[in-house]
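Some notes on the structure that comes next.
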Amino acid sequence: MPHLAHARLSRSPLTLALLALLAPLAQASGTETPAEPRTPTDLDRVEVVAQRYLPDYATRKTRSATRTETPLLDVPQAVTVVTDKLIADQAMSSLADTFRYLPGIGVAQGEGNRDTPVLRGTSSTADFFVDGIRDDVQYIRDVYNLERVEALKGPNGMIFGRGGSGGVINRITRKADGDDHRAASLQFGSGNRRRGTLDYGTGIGATAGFRVNAVYEDSESFRDGFELERYGINPTFGVDLGERTRLQVSYERFHDERVADRGVPSLHGRPLDVDPSTFFGNPAQSPVEATVDAIDAVIEHDFSDDLSLRNHLRWADYDKFYQNVFPGAVDAVAQTVSISAYNQATQRRNLFNQTDLVWDTATAGVRHTVLAGAEFGRQVTDNVRMTGYFGAPGSTATSVRVPLASPTTGIVPLFRQSATDADNHGEATVAAVYVQDQIEFTPQWQAIIGLRHDDFRVDLRNNRTGATYRSDDGLLSPRAGLVFKPRDNVSLYASYSMAHQPRAGEQLASLSASNASLDPETFRNREIGAKWDVRPQLQASLAVYRLDRGNVAITDPADPTRMVLVDGQTTEGVEIGIAGRITDAWQLMGGYAYQDGEITTTQSATAVAGNR
Numbered sequence: 146m147p148h149l150a151h152a153r154l155s156r157s158p159l160t161l162a163l164l165a166l167l168a169p170l171a172q173a174s175g176t177e178t179p180a181e182p183r184t185p186t187d188l189d190r191v192e193v194v195a196q197r198y199l200p201d202y203a204t205r206k207t208r209s210a211t212r213t214e215t216p217l218l219d220v221p222q223a224v225t226v227v228t229d230k231l232i233a234d235q236a237m238s239s240l241a242d243t244f245r246y247l248p249g250i251g252v253a254q255g256e257g258n259r260d261t262p263v264l265r266g267t268s269s270t271a272d273f274f275v276d277g278i279r280d281d282v283q284y285i286r287d288v289y290n291l292e293r294v295e296a297l298k299g300p301n302g303m304i305f306g307r308g309g310s311g312g313v314i315n316r317i318t319r320k321a322d323g324d325d326h327r328a329a330s331l332q333f334g335s336g337n338r339r340r341g342t343l344d345y346g347t348g349i350g351a352t353a354g355f356r357v358n359a360v361y362e363d364s365e366s367f368r369d370g371f372e373l374e375r376y377g378i379n380p381t382f383g384v385d386l387g388e389r390t391r392l393q394v395s396y397e398r399f400h401d402e403r404v405a406d407r408g409v410p411s412l413h414g415r416p417l418d419v420d421p422s423t424f425f426g427n428p429a430q431s432p433v434e435a436t437v438d439a440i441d442a443v444i445e446h447d448f449s450d451d452l453s454l455r456n457h458l459r460w461a462d463y464d465k466f467y468q469n470v471f472p473g474a475v476d477a478v479a480q481t482v483s484i485s486a487y488n489q490a491t492q493r494r495n496l497f498n499q500t501d502l503v504w505d506t507a508t509a510g511v512r513h514t515v516l517a518g519a520e521f522g523r524q525v526t527d528n529v530r531m532t533g534y535f536g537a538p539g540s541t542a543t544s545v546r547v548p549l550a551s552p553t554t555g556i557v558p559l560f561r562q563s564a565t566d567a568d569n570h571g572e573a574t575v576a577a578v579y580v581q582d583q584i585e586f587t588p589q590w591q592a593i594i595g596l597r598h599d600d601f602r603v604d605l606r607n608n609r610t611g612a613t614y615r616s617d618d619g620l621l622s623p624r625a626g627l628v629f630k631p632r633d634n635v636s637l638y639a640s641y642s643m644a645h646q647p648r649a650g651e652q653l654a655s656l657s658a659s660n661a662s663l664d665p666e667t668f669r670n671r672e673i674g675a676k677w678d679v680r681p682q683l684q685a686s687l688a689v690y691r692l693d694r695g696n697v698a699i700t701d702p703a704d705p706t707r708m709v710l711v712d713g714q715t716t717e718g719v720e721i722g723i724a725g726r727i728t729d730a731w732q733l734m735g736g737y738a739y740q741d742g743e744i745t746t747t748q749s750a751t752a753v754a755g756n757r
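Sequential numbering of the sequence shown, starting at 146, is according to this note's numbering.
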């Protein structure tokens with residue numbers, strides 16, 4: 146090939162290889178190769194541009210806040226995201242671990258058997274979602290299959306429906322994307338901590354992919370008698386059904402088994418000064434078991450570049466049981482502590498379907514991203530609670546005192562239903578429609594306006610008495626926000642949102658003859674804030690808010706036979722967050738929150754107006 150030696154073929158190495166193969170074939174067929182050109186020829190150059198993948202603590206966009214792919218900079222709401230990179234770097238194993246990095250969100254004990262975040266002053270056991278759909282049973286969640294955890298602060302009724310009074314926690318799971326994924330982790334630590342995870346994914350041809358995430362943990366802790374064993378597996382499959390249609394199907398089975406640890410009792414307003422390893426109660430009689438089976442199917446279709454449809458179907462079956470033999474009041478004189486007990490079983494079957502239609506259009510130079518959608522759901526719940534009695538069979542003693550010197554007891558209570566223990570069967574249905582418009586007037590000015598209507602119905606039967614109760618609520622949830630961007634990387638916003646909590650309560654079992662006809666509680670949030678992309682991979686945010694809780698039901702002071710609705714509490718606060726990459730070697734995730742809450746109307750002997 147001497148006559149090709151002077152040609153500068155900068156198109157690609159593949160070109161040289163092809164010519165080298167073709168020249169001998171041409172000579173063999175009697176065809177002469179082209180004569181050497183008199184001057185070198187510069188051919189077109191192929192330039193490959195790539196960005197090194199550096200998993201970050203910062204997230205550029207979210208779909209959760211608006212149901213459309215929207216830059217966080219353009220969302221008029223405080224949103225904090227914990228990515229899988231931070232989860233891995235901090236060796237997190239439970240959802241509660243992520244709450245430490247979510248300003249404005251605290252953690253309650255949850256009686257040692259469930260996640261209980263406190264969002265802007267309002268505790269919740271049900272404001273949890275997976276890929277935008279409810280996951281509201283009380284259990285302790287893992288993070289083994291998560292791409293990220295998103296905390297959307299303030300009422301979120303327009304996007305998520307009922308509840309979400311102080312905010313919601315939305316988990317985004319890993320999907321089969323056709324790429325190769327090969328990751329595993331092993332953890333060993335104090336308290337006999339032993340945990341392993343697996344993330345394996347691969348492509349199937351050019352149009353499909355498979356991925357599976359799994360976890361197994363068998364650990365103890367610093368507390369004597371505590372044990373934890375859990376496992377989870379989450380296979381997913383994705384396939385392109387043509388050029389414009391994508392289907393994702395996943396299944397998850399998750400099982401968590403542990404001892405309910407209620408912690409250390411208090412004395413004179415402080416935790417009792419004892420060895421931290423001391424278990425108060427009976428660990429052998431305090432089991433917690435939760436099993437979740439869930440199937441998700443998501444289909445997306447692009448009618449055009451400007452019009453798309455998405456449908457998400459989720460079926461989930463929950464089986465939860467927990468039992469507590471736990472401490473109560475301490476008698477400092479007698480040096481004893483009270484021990485009580487109860488258990489509760491909950492079975493729930495959820496079926497939800499969401500459909501979103503998104504249309505990008507422009508009118509008179511104003512751009513619109515219009516969302517129209519509907520959600521339908523049905524939840525069937527059975528729950529039974531029993532009280533622990535101490536002493537001989539037939540005893541009515543619901544507590545026993547044990548010495549503070551040996552508060553870990555082997556006493557086994559007898560469990561039976563008291564006159565007020567729950568034994569319920571409930572059915573809840575929801576049919577909702579919503580519409581939202583994200584408006585871009587100019588590159589500097591944007592707005593978002595949305596409205597959702599839920600027809601939410603609950604039928605509850607008390608199996609002990611045969612009594613039935615029903616509530617039927619029409620929930621109207623608006624949102625509005627205005628965004629001003631003085632620079633491409635800075636946004637200032639103001640927003641208003643509202644959410645409702647029906648009388649059935651978070652766990653759909655609180656209906657009674659006295660409250661079934663009452664209007665739902667209301668939560669109204671007013672917020673201003675700023676967001677700043679300090680650099681492309683470093684984000685900072687600031688939010689100032691006021692959250693008002695209304696329609697709180699209390700006993701009428703003038704008539705103890707009836708209930709009245711009053712304004713309940715006000716929470717004001719400020720939240721600051723920062724997340725992202727400082728250099729190639731350093732990343733940062735941090736936040737600060739200050740909250741000031743006040744009870745505005747006396748609700749009971751302990752919830753008095755003016756309490757802060």
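Note that beta-carbon positions come from the ideal geometry of N, C-alpha and C, so glycine has one too.
Spatial distance of residue i from residue j (CA atoms)
| i | j | result |
| --- | --- | --- |
| Ser-364 | Asn-488 | 24 Å |
| Leu-247 | Ser-239 | 14 Å |
| Gly-255 | Glu-362 | 21 Å |
| Tyr-579 | Thr-243 | 30 Å |
| Ala-353 | Leu-663 | 51 Å |
| Leu-231 | Ala-296 | 15 Å |
| Ala-576 | Ala-429 | 44 Å |
| Val-357 | Glu-397 | 10 Å |
| Thr-574 | Leu-458 | 15 Å |
| Thr-745 | Ala-253 | 23 Å |
| His-400 | Ala-639 | 42 Å |
| Val-419 | His-413 | 14 Å |
| Thr-610 | Ala-223 | 46 Å |
| Arg-561 | Ala-486 | 11 Å |
Residue i, DSSP secondary structure in three states
| i | result |
| --- | --- |
| Ile-285 | coil |
| Thr-234 | As written in the sequence, residue 234 is Asp, which differs from the Thr given in the question. Correct three-state label for Asp-234: helix. |
| Ala-752 | coil |
| Gly-257 | helix |
| Ser-574 | Sequence check: residue 574 is Thr here, not Ser. Three-state result, Thr-574: strand. |
| Leu-663 | coil |
| Leu-621 | strand |
| Arg-730 | Reading off the sequence shown, one finds Ala at residue 730, where the question assumed Arg. The answer is coil: DSSP assigns Ala-730 none of H, G, I, E or B. |
| Asp-582 | strand |
| Ala-321 | coil |
| Gln-740 | strand |
| Ala-428 | Note that residue 428 is Pro in the sequence shown here, rather than Ala. It is helical. |
| Ala-152 | Legend: pLDDT at Ala-152 = 35, less than 50; position of this residue unreliable, value from coordinates given subsequently. Note: Ala-152 maps to coil in three-state DSSP. |
| Leu-549 | coil |
| Leu-217 | helix |
Pair within 7 Å by beta-carbon distance, residue i and residue j
| i | j | result |
| --- | --- | --- |
| Gly-308 | Gln-646 | yes |
| Arg-415 | Thr-716 | no |
| Gly-571 | Ala-654 | yes |
| Ser-622 | Val-628 | no |
| Thr-491 | Asn-528 | yes |
| Gly-377 | Tyr-467 | no |
| Glu-743 | Arg-726 | no |
| Thr-553 | Phe-424 | yes |
| Asp-505 | Asp-582 | no |
| Phe-355 | Thr-347 | yes |
| Val-443 | Gln-393 | yes |
| Arg-205 | Leu-516 | no |
| Ala-788 | Asp-344 | Shown here, the chain extends from 146 to 757; a query on residue 788 therefore has no answer. |
| Asp-599 | Arg-615 | no |
Among the options, nearest to residue i - alpha-carbon criterion
| i | options | result |
| --- | --- | --- |
| Ala-698 | Thr-715, Phe-355 and Ser-749 | Ser-749 |
| Val-709 | Tyr-614, Thr-610, Gly-695 and Glu-717 | Gly-695 |
| Lys-630 | Arg-286, Asp-438, Ser-453 and Lys-676 | Lys-676 |
| Gly-626 | Tyr-202, Leu-218 and Asn-337 | Leu-218 |
| Glu-520 | Phe-601, Ile-349, Val-711 and Leu-392 | Phe-601 |
First through last residue of the beta strand (DSSP E) which encompasses residue i
| i | result |
| --- | --- |
| Thr-491 | 481-508 |
| His-598 | 590-607 |
| Tyr-376 | 373-385 |
| Leu-683 | 683-695 |
| His-413 | From DSSP, His-413 is part of no beta strand (DSSP E); its letter is neither H nor E. |
| Leu-297 | 291-298 |
Residue range of the unbroken alpha helix (DSSP H) whose run includes residue i
| i | result |
| --- | --- |
| Gly-302 | 302-305 |
| Asp-242 | 240-244 |
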